[in-house]
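Participant:
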Amino acid sequence: MSVYTVHQPPLRPAQAAPDPERFAFVRDGFSIWAFLFSALWMLRYRMWLVLLIYLVLATGIEWGLRAVGVSGPFLGLVGLLISVLVGIEAGTLRRFTLSRRGWKNVGIVSGDDLEDAERRFFTAWCGSATGRAVPPPPPPPSGNPPSSPSPPPSTAIVGLFPEPGAGR
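The sequence shown runs contiguously to residue 195 in my numbering.
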């Protein structure tokens, strides 16, 4: 199952409620497309600042390594590691760009694929918007007495540390 963060776009001047068609679902995890085609992937999602920082850092690292006299295979390895880093952090980079543009993170949802995650999110979102909540769990069978409330948490510290205020 994949985990997605859900981002709501900023409201347009004539809008009273957000448009569900414009919501963005950003999958958490490794992105093969960001790994293989880093710069093109950034252009596809219009991540201009991220692309600029990526180009400056990648070019600076390459020039710095060439100035030190590093060989070609090592430069290729460094380029590969930078691409792996972009692939790993692809979701974070998208979330950063969306938050810079004023999008709000409105939830986290999991699903087998994007369609399943969208269905789960909008089912819960529509239910909370109409005032219908998820039904509470059924009461315990009448044969079992209701459980007593749990005692308040203890102030004792568990582990190798002494209790607060105790002598050393």
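Beta carbons: idealized from backbone N, C-alpha and C, even for Gly.
Can you give the Cα-Cα distance for residue 80 and residue 47, rounded to whole angstroms?
Facilitator: Cα to Cα, residue 80 sits roughly 31 Å from residue 47.
Participant: Are the beta-carbon atoms belonging to residue 104 and residue 74 less than 8 Å from one another?
Facilitator: Not closer than 8 Å, so no.
Participant: Tell me which same chain residues have a C-beta within less than 8 Å of the C-beta of residue 54, skipping the five on either side of it?
Facilitator: Cβ within range, chain order: 29, 30, 31, 118, 141.
Participant: What does the Cβ neighbour count give for residue 83, buried or exposed, with the cut at 16 atoms within 10 Å?
Facilitator: Residue 83 is exposed by the Cβ-count criterion.
Participant: Helix, strand or coil for residue 44? Go by DSSP, reduced to three states.
Facilitator: Three-state DSSP puts residue 44 in coil, outside helix and strand.
Participant: With distances taken from CA atoms, which of 148, 100, 129, 130 is nearest residue 138?
Facilitator: It is 148.
Participant: From what residue to what residue does the beta strand (DSSP E) around residue 29 run?
Facilitator: 29-35 is the extent of the beta strand (DSSP E) around residue 29.
Participant: For the putative contact between residue 94 and residue 109, defined by C-beta atoms under 8 Å, what is the C-beta separation to the nearest angstrom?
Facilitator: Incorrect: roughly 18 Å between the Cβ atoms, too far for contact.
Participant: Please list the terminal residues of the continuous beta strand (DSSP E) segment that includes residue 52.
Facilitator: Run containing residue 52: 51-55, per the beta strand (DSSP E) assignment.
Participant: Here's the rule: buried if 16 or more other CB atoms are within 10 angstroms of the residue's CB, otherwise exposed. What is residue 68?
Facilitator: Buried, since its Cβ has 16 or more Cβ neighbours within 10 Å.
Participant: Sorted by chain position, which residues of the same chain lie with C-beta nearer than 7 Å to residue 136's C-beta, five sequence neighbours on each side aside?
Facilitator: So the list reads 31, 33, 144, 147, 148, once near-sequence residues are dropped.
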